[in-house]
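Asker: Handing you a structure now.
Residue numbers (our numbering), protein chains in the order written: chain G, 33 to 376; chain S, 68 to 393.
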């Protein structure tokens with residue numbers, strides 16, 4: 033890594049801090065009983081989605097999971113819409129049909145994952161296939177956890193991606209636990225990269241708590257994909273500094289692991305780097321953090337102003353409506369009805 | 068009008084759609100150089116190239132997922148399931164991903180998943196199934212079950228142009244047994260419109276797929292054998308969307324109804340039709356609604372067993388006589 037510009041440094045730090053604080057606020061909303069469904073956060077894992085998605089071009093596509101909020105934010109999803117989705121409000125990207133970050137926004141190049149997380153991997157391949165089909169020089173970033181790599185869909189998809197040399201980067205967020213299952217009960221090999229190598233995919237293990245390490249590895253993988261040289265798998269090693277979801281106290285995780293990984297906090301590490309290399313001053317950082325707090329509060333205020341969906345809309349959108357214009361791909365469609373919603 | 072087999076009609080429909088819209092491509096196992104297990108795509112890869120007739124690894128999740136992703140980006144994939152039975156391997160992607168995407172985040176998934184279903188060819192437990200009902204029961208999917216060559220072409224074209232995920236279950240027994248006049252030009256059979264396969268006045272047999280021919284055979288025998296019963300046969304053509312009005316209209320007309328399908332009995336589509344008729348046409352009924360279906364059993368291989376499994380004209384005739392005697 034040569035040098036981090038002030039612009040890039042600010043953007044990465046801002047995104048990671050916004051992800052951290054927004055999720056922290058969302059956890060509080062859960063504790064207040066305002067969020068009724070699951071809350072899945074990526075505390076301690078912010079560097080992975082931030083350091084990779086920051087490099088995408090407007091026509092590229094990301095397929096983030098629920099611990100990759102920075103990817104949603106970097107693609108332009110307004111923070112208030114994330115909160116609105118958690119709150120089940122009408123103006124969230126799913127209009128109350130789904131919760132947490134089970135959301136997508138084709139105009140922003142975000143493809144939704146689903147609860148059976150590995151299902152996103154073959155779907156992400158299809159997006160990459162469409163770039164190949166249209167001879168479009170774009171790439172897909174597909175994120176998933178360590179648990180997803182035990183699923184058949186994942187294995188089928190990795191093999192398919194390798195055979196077709198798809199323009200995709202597989203980003204495994206190895207946070208050591210899939211709900212309560214540690215990686216040692218997930219696989220008999222040591223690393224996710226050991227699994228992917230069997231498919232002929234170049235792999236790299238990356239310090240997932242070092243945003244610049246992620247940035248650098250993703251830069252190479254994206255360049256490979258864009259040149260038509262095929263997929264790369266990055267195993268971003270990190271730790272889930274929370275339970276599986278907000279209801280889970282994670283008593284099954286030895287306390288010392290939390291202590292160990294707390295010292296590797298990606299935000300504090302990057303802060304230190306920026307100060308040491310004089311990219312940003314303490315004052316710059318304090319101002320940036322103050323801005324983040326204001327953004328979070330504004331997001332919650334705006335989300336809470338959004339009404340709940342009307343039960344009369346229950347059956348809308350199971351199938352396409354007759355008046356929708358289907359002659360254009362979704363990404364190019366303008367939908368007069370929901371002009372205010374940048375996701376649809 | 069050229070005479071065409073059922074399989075040729077499907078192939079022609081796909082061919083025409085691929086000519087008119089370069090977003091349409093077909094993906095599946097052994098469909099390229101080999102032309103598919105039933106040769107539906109023979110010669111298509113030479114014409115359209117390997118980018119549009121796409122051979123894949125033998126992994127249904129991988130290629131169904133790829134089709135879903137490509138559809139999200141505005142392409143129009145047709146997935147060939149080599150045998151409809153294999154669709155169970157990718158249930159998650161179809162039911163949890165494709166079917167729910169529009170509802171969850173307004174993302175249309177215009178894919179067609181098509182493949183040979185049905186028995187009668189000694190295919191055994193893994194090459195003979197009628198898996199439609201799982202998908203009928205999944206909101207967000209459409210389910211097409213063509214019986215004639217004319218419909219096979221018109222419905223595949225409608226399915227490809229449809230903005231939602233469509234499961235198109237061909238019946239392999241009909242592939243080369245059914246030959247009829249099929250227009251060489253472009254036409255579409257809209258999804259959700261049933262067809263009166265035989266007009267009659269005394270009793271209705273409501274069915275779809277290969278069982279349409281079993282119903283017609285029964286109707287002819289009943290007409291000839293001095294029963295004096297004039298049977299109406301309704302070919303549903305699509306299970307989702309269902310032409311409810313056509314179902315109710317025939318019940319109002321004849322007041323007696325037999326529900327016939329090759330799929331197994333419990334929670335099969337006949338149960339749904341029976342409930343619809345009971346709630347919306349009860350006053351018109353002169354006899355109990357009867358079902359003729361396969362029994363609740365896997366499709367067996369050996370000829371005497373498979374013959375005992377499949378519904379035949381004799382079963383329909385027996386049901387008709389029971390209904391008429393009520």
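Ideal placement from N, C-alpha and C gives every residue a C-beta, glycine not left out. All of these numbers come straight from a predicted model, not from anything done at the bench.
(1) Provide the residue(s) that pair with residue 361 of chain S in DSSP beta bridges, ordered along the chain.
(2) With DSSP collapsed to three states, give me the class of residue 369 of chain G.
(3) Does the distance from the C-beta atom of residue 8 of chain S to that of residue 322 of chain S stay below 8 Å?
(4) Which bits of chain S does residue 130 of chain G rub up against, with CB to CB less than 9 Å?
(5) Is the beta carbon of residue 98 of chain S less than 8 Å from the beta carbon of residue 131 of chain S?
(6) With H, G and I counted as helix, E and B as strand and the rest as coil, what does DSSP make of residue 246 of chain S?
(7) For residue 155 of chain G and chain S, any beta-carbon pair shorter than 8 Å?
(8) Could you check whether residue 154 of chain G and residue 129 of chain S sit closer than 8 Å to each other, using their CB atoms as the reference points?
(9) In whole angstroms, what separates the C-alpha of residue 365 of chain G from that of residue 347 of chain S?
(10) Return the CA-CA distance between residue 234 of chain S and residue 180 of chain S, expressed in angstroms with no decimal places.
(11) Taking only beta carbons into account, state which residues of the stretch 200-233 of chain S come closer than 7 Å to chain G, listed in chain order.
(12) For residue 98 of chain S, does the three-state DSSP call read helix, strand or coil?
(13) Given a cut-off of 8 Å on the beta-carbon distance, is the pair residue 268 of chain G and residue 204 of chain G in contact?
(14) Along chain S, which residues have their Cβ under 8 Å away from the Cβ of residue 146 of chain G?
(15) With a threshold of 8 Å between beta carbons, is residue 139 of chain G in contact with chain S?
(16) 8 Å is my cut-off, CB to CB: does residue 6 of chain G come that close to chain S?
(17) Measuring CB to CB, does residue 200 of chain G end up less than 8 Å from residue 156 of chain G?
(18) Can you tell which of G/81, G/76, G/68 and G/55 has the C-alpha that lies nearest to the C-alpha of residue 296 of chain G?
(19) Does the beta-carbon of residue 300 of chain G have 16 or more other beta-carbons within 10 angstroms, so that it is buried, or is it exposed?
(20) Taking only beta-carbon positions, decide if residue 197 of chain S is within less than 8 Å of chain G.
(21) In whole angstroms, what is the alpha-carbon distance linking residue 126 of chain G and residue 173 of chain S?
(22) If we cut at 8 Å on Cβ distances, does residue 135 of chain S have a partner in chain G?
(23) If you follow the alpha helix (DSSP H) that residue 68 of chain G is in, where does it begin and where does it stop?
(24) Could you tell me which whole beta strand (DSSP E) segments of length 3 or greater appear in the stretch 156-183 of chain G?
(25) If we call anything under 8 Å between Cβ atoms a contact, is residue 218 of chain S one with residue 87 of chain S?
(26) Where residue 234 of chain G and residue 246 of chain S are concerned, what is the direct C-alpha to C-alpha distance, given to the nearest angstrom?
(27) Per DSSP, what kind of secondary structure is residue 80 of chain S in: helix, strand or coil?
(28) Taking only runs of the alpha helix (DSSP H) that begin and end inside the stretch 262-286 of chain S, which ones reach a length of at least 4 residues, in chain order?
(29) Going by alpha carbons, who is nearest to residue 372 of chain S out of S/274, S/312, S/186 and S/262?
(30) For a contact defined as C-beta to C-beta under 8 Å, what are the partners of residue 160 of chain S on chain C?
(31) Rounded to a whole number of angstroms, what is the C-alpha to C-alpha distance between residue 153 of chain S and residue 266 of chain G?
(32) Could you pull the start and end residues of the beta strand (DSSP E) that residue 206 of chain G belongs to?
(33) For a quick check, are the C-beta atoms of residue 338 of chain S and residue 308 of chain S less than 8 Å apart?
(34) Let me check understanding here. Comparing Cα to Cα, which of S/390, S/388, S/145 and S/198 lies closest to residue 80 of chain S?
(35) Let's see if you can read the secondary structure: which residues bound the beta strand (DSSP E) around residue 247 of chain G?
(36) So if DSSP puts residue 209 of chain S in a beta bridge, which residue, or which two residues, is it bridged to?
Answerer: According to the structure shown:
(1) The partner list for residue 361 of chain S (beta bridge, DSSP) reads S/331.
(2) Below a pLDDT of 50, predicted positions are generally treated as unreliable, and residue 369 of chain G, at 44, falls in that range; no measurement from the model is reported.
(3) Nothing can be reported for residue 8 of chain S: it is not among the residues displayed for chain S, which extend from 68 to 393.
(4) Chain-order list of chain S residues neighbouring residue 130 of chain G: 167, 170, 171 and 172, by C-beta distance under 9 Å.
(5) Going by beta carbons, residue 98 of chain S and residue 131 of chain S fall outside the 8 Å limit.
(6) Looking at residue 246 of chain S - three-state DSSP - the assignment turns out to be strand.
(7) With 8 Å as the cut-off, residue 155 of chain G counts as an interface residue toward chain S.
(8) Contact check for residue 129 of chain S against residue 154 of chain G passes: the beta carbons are separated by less than 8 Å.
(9) Interpretation of residue 365 of chain G is limited by its pLDDT of 48, a score under 50 that renders its predicted location unreliable; the figure taken from the coordinates is listed afterwards. When rounded, the separation of the alpha-carbon atoms in residue 365 of chain G and residue 347 of chain S is 40 Å.
(10) If you draw a straight line from the Cα of residue 234 of chain S to the Cα of residue 180 of chain S, it comes to about 5 Å.
(11) Within the stretch 200-233 of chain S, the residues whose Cβ lies closer than 7 Å to any Cβ of chain G are, in chain order, 206, 207, 230 and 231.
(12) Secondary structure at residue 98 of chain S: coil, using DSSP grouped into helix, strand and coil.
(13) In this structure, residue 204 of chain G lies closer than 8 Å to residue 268 of chain G by Cβ.
(14) Neighbours of residue 146 of chain G on chain S, chain order: 163, 164 and 167.
(15) Chain S contact via Cβ: absent.
(16) A question about residue 6 of chain G goes unanswered here, because the residues of chain G that appear run from 33 up to 376.
(17) At a Cβ-Cβ threshold of 8 Å, residue 200 of chain G and residue 156 of chain G count as neighbours.
(18) Residue 296 of chain G has its Cα closest to that of G/76, out of G/81, G/76, G/68 and G/55.
(19) Classification for residue 300 of chain G: exposed.
(20) No, because no Cβ of chain G sits closer than 8 Å to the Cβ of residue 197 of chain S.
(21) Residue 126 of chain G and residue 173 of chain S have their alpha carbons spaced roughly 8 Å apart.
(22) Interface flag for residue 135 of chain S against chain G is set, since a Cβ pair is found closer than 8 Å.
(23) Per DSSP, residue 68 of chain G belongs to no alpha helix (DSSP H) and is neither H nor E.
(24) Within the stretch 156-183 of chain G, complete beta strand (DSSP E) segments of at least 3 residues are found at 172-177, given in chain order.
(25) Contact annotation: residue 218 of chain S and residue 87 of chain S have beta-carbon atoms that are not nearer than 8 Å.
(26) A straight-line Cα-Cα distance of about 52 Å links residue 234 of chain G and residue 246 of chain S.
(27) Note: residue 80 of chain S maps to helix in three-state DSSP.
(28) Counting only unbroken stretches of 4 or more residues, no alpha helix (DSSP H) element lies wholly within the stretch 262-286 of chain S.
(29) Considering only alpha carbons, the answer is S/186.
(30) In the displayed structure, chain C is absent; the protein chains listed are G and S.
(31) Distance between the alpha carbons of residue 153 of chain S and residue 266 of chain G is about 32 Å.
(32) DSSP places residue 206 of chain G in the uninterrupted beta strand (DSSP E) bounded by 200-206.
(33) No, the Cβ-Cβ distance between residue 338 of chain S and residue 308 of chain S is not below 8 Å.
(34) When only C-alpha atoms are compared, the closest one is S/145.
(35) Residue 247 of chain G -> not in any beta strand (DSSP E); alpha helix (DSSP H) instead, spanning 243-258.
(36) DSSP output for residue 209 of chain S lists S/233 as bridge partner(s).
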